[in-house]
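Sequential numbering of the sequence shown, starting at 1, is according to full-length UniProt numbering.
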Amino acid sequence: MARIMSDDHLGGAMPVDLTHLSRQTFGDHDLEREVLALFERQSRTMLERLRNATSAKTWAEAAHTLKGSALGIGAFGVAQAAEAVECDQVDHLSSRAWDDLARLEQAVAEANGFIANLLKAA
């Protein structure tokens, strides 16, 4: 099966580093698609957990899980935003934490939009 797309073909900075993704999946294009689809689903679940978190532990675990998933596929902007949210665990109900969560939601939306386009093109 053909490669999803190269970084050069899409041009500019992207929400997912496809070179990193290819290294993580050993160049297996079917696995790339599977991992990207998994990230889409998991990112939505983790954002929902963050929005509904009633404890610092739940907040931190959801942010940490999302950060790890993002690092795995090369969504470094998502990982950075998730790390900021994770650091807010003690004050997870503060306005700063919710601002950080809004930035994370935006980064996830960009990454998931990018992924959706990749998967359609494959």
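We treat Cβ as the ideally placed atom computed from N, Cα and C, and that holds for glycine.
Close Cβ partners of Leu36 (< 7 Å) along its chain, the five nearest in sequence each way excluded: Ile73, Ile115, Leu118, Leu119
Cβ distance (whole Å) where Met46 is taken to contact Ala56 below 8 Å: 16 Å between Cβ atoms; not a contact.
Rounded Cβ spacing between Glu110 and Pro15 (contact assumed at less than 8 Å): That belief holds up - the Cβ atoms of Glu110 and Pro15 are roughly 5 Å apart, short of 8 Å.
Cβ-based burial, Ala102 [other Cβ within 10 Å; buried from 16]: exposed
Whole-number beta carbon distance between Val85 and Leu50, since they are thought to touch under 8 Å: 7 Å
Boundaries (first-last residue) of the alpha helix (DSSP H) holding Asp94: According to the sequence displayed, residue 94 carries Ser and not Asp. Per DSSP, Ser94 lies in no alpha helix (DSSP H) segment and is marked neither H nor E.
Three-state secondary structure assigned by DSSP to Arg3: Note that Arg3 scores 32 on pLDDT, short of 50, meaning its location in the model is unreliable; the coordinates nonetheless yield the value given after this. Coil at Arg3, not helix or strand.
Test item: CB-CB of Thr65 and Gln42 under 9 Å: yes
Alpha-carbon spacing of Cys87 relative to Ala60, whole angstroms: 8 Å
Buried/exposed call for Ser69, threshold 16 Cβ in 10 Å: Residue environment analysis places Ser69 among the buried positions, since at least 16 neighbouring C-beta atoms fall within 10 angstroms of its C-beta.
C-alpha gap between Glu48 and Leu93, whole angstroms: 15 Å
Residue interval of the alpha helix (DSSP H) (run including Thr25): Taken as a continuous stretch (DSSP letters only), Thr25 belongs to no alpha helix (DSSP H), as it is neither H nor E.
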